[in-house]
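Enquirer: Provided herewith is a single structure, encoded as structure tokens, for subsequent inquiry.
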Amino acid sequence: MPTTTQDENAALPPISDELPEDTIKIMLATDNHIGYNERDPIRGQDAINTFKEILELARKHDVDFILLAGDLFHENRPSRDCLYRTMALLREYSLCDKPIQIELLSSPDEGKADGFSFPAINYEDSNLNVGIPVFSIHGNHDDPQGAGPDGALCALDVLSVAGLINYIGKSDLSASDDPNAGIQIRPVLLRKGATQLALYGVGNVKDQRMHFELRSNRVKMFMPKDKDDWFNILLVHQNRCVDGARDRGELERSAYQHKRVNKCSQRDWFPNMSTGTPSSVLTTSAKWYQLPVDRL
Numbered sequence: 001m002p003t004t005t006q007d008e009n010a011a012l013p014p015i016s017d018e019l020p021e022d023t024i025k026i027m028l029a030t031d032n033h034i035g036y037n038e039r040d041p042i043r044g045q046d047a048i049n050t051f052k053e054i055l056e057l058a059r060k061h062d063v064d065f066i067l068l069a070g071d072l073f074h075e076n077r078p079s080r081d082c083l084y085r086t087m088a089l090l091r092e093y094s095l096c097d098k099p100i101q102i103e104l105l106s107s108p109d110e111g112k113a114d115g116f117s118f119p120a121i122n123y124e125d126s127n128l129n130v131g132i133p134v135f136s137i138h139g140n141h142d143d144p145q146g147a148g149p150d151g152a153l154c155a156l157d158v159l160s161v162a163g164l165i166n167y168i169g170k171s172d173l174s175a176s177d178d179p180n181a182g183i184q185i186r187p188v189l190l191r192k193g194a195t196q197l198a199l200y201g202v203g204n205v206k207d208q209r210m211h212f213e214l215r216s217n218r219v220k221m222f223m224p225k226d227k228d229d230w231f232n233i234l235l236v237h238q239n240r241c242v243d244g245a246r247d248r249g250e251l252e253r254s255a256y257q258h259k260r261v262n263k264c265s266q267r268d269w270f271p272n273m274s275t276g277t278p279s280s281v282l283t284t285s286a287k288w289y290q291l292p293v294d295r296l
């Protein structure tokens, strides 16, 4: 596997454990694609086995929480076997006696299921014993669909109401002509010791619709009043451009998309560090995998 050069490593900040009571340890994973090729006799269990390894590493390294950046499932309607094994693994590794070190400062009811009393953030539920919280957005493979009484739903909604994950970044985009509608991004506010973290999530939106929302100035990001005192993480599963030759004149094409690329970068237009984490399972053979691998 390609590795970073000495110069590239020198540009990255060192990892310090001098203040463990203030240090937030996060496991980041994305594009797990559980259920991909699941009927294949050889590779059928690759995705779920890799997801199990991710959870094992999270426990081994004593992380404070796990971030999943979309496409946990390969299909919008995962099979019963796929959903069963995923729920079993989350219950095995997320629900435990490990003390929670992360304090929730925002409302635990933000984004909760309508008509029910249990909170949206599972470790705030007194009926659950969560040791390693999991926060997840949806991707383009497992996005909400349908128009039932509870609106568009996806498999992550099922995991959320079961108390296994914290599903964030879901937007209601039904009213395209409403000037007060659009993508409203409210952070989950967390604190560990003296460190305050605002966690933002934006689940995948179809490229054309996201382009419309951005051009129409309908993307609103809410921030804490004392915003300069907070670290910020934005979890997003999106292309940086609108696909298709007819759109190339409007947005500059970038290789840094939600394609399976691992690249830490610092852009002139976005001065903070960003990372494009690769898929945890190989689903395609493309030149993206030949790019150098960086670390964050």
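Taking the UniProt record's numbering as reference, the numbering of the sequence shown is continuous, increasing by one, and the terminal residue is 296.
Positions of the beta carbon are idealized from the N, C-alpha and C atoms, including for glycine.
Looking at the strands, I want to know which residues DSSP matches up with Phe-135.
Expert: In the DSSP output, where bridge partners are listed per residue, Phe-135 has Leu-67 and Asn-166.
Enquirer: Which residue comes first and which comes last in the beta strand (DSSP E) that contains Tyr-84?
Expert: Counting along the chain, Tyr-84 falls outside any beta strand (DSSP E), though it belongs to the alpha helix (DSSP H) covering 80 to 94.
Enquirer: Measure how close the beta-carbons of Glu-110 and Arg-186 come, nearest whole angstrom, since I'm counting them as under 8 Å.
Expert: Confirmed, about 6 Å.
Enquirer: Met-27 bridges to which residues according to DSSP?
Expert: Paired residue(s): Ile-66.
Enquirer: Just curious, the alpha helix (DSSP H) that Val-202 is in, first and last residue?
Expert: Element bounds for Val-202: not the alpha helix (DSSP H) but the beta strand (DSSP E), 195 to 202.
Enquirer: In whole angstroms, what separates the C-alpha of Trp-230 from that of Leu-104?
Expert: So the two alpha carbons sit approximately 14 Å from each other.
Enquirer: Excluding sequence positions up to five away, which residues of its chain have a Cβ less than 6 Å from the Cβ of Arg-246?
Expert: Model confidence at Arg-246 stands at a pLDDT of 41, short of 50, so the residue's coordinates are unreliable; what they give is reported in the following sentence. Excluding residues within five positions, none has a Cβ falling inside 6 Å.
Enquirer: Using the Cβ count rule (16 or more neighbours within 10 Å means buried), how would you classify residue 331?
Expert: Nothing can be reported for residue 331, as the shown portion of the chain is limited to 1 through 296.
Enquirer: Measure the C-alpha to C-alpha separation of Val-242 and Val-134 and round it to an integer number of angstroms.
Expert: Legend: pLDDT at Val-242 = 48, less than 50; position of this residue unreliable, value from coordinates given subsequently. Rounded to whole angstroms, Val-242 to Val-134 spans 30 Å at the Cα level.
Enquirer: On the CB-based measure, 16 or more other CB atoms within 10 Å of its CB, does Ser-216 come out buried or exposed?
Expert: Counting Cβ neighbours within 10 Å, Ser-216 comes out exposed, since fewer than 16 surround it.
Enquirer: Rounding to the nearest angstrom, what Cα-Cα distance links Gly-139 and Pro-99 in this structure?
Expert: Their Cα atoms are separated by approximately 30 Å.
Enquirer: What residue range is occupied by the uninterrupted alpha helix (DSSP H) comprising Leu-156?
Expert: Segment 155 to 161, the alpha helix (DSSP H) holding Leu-156.
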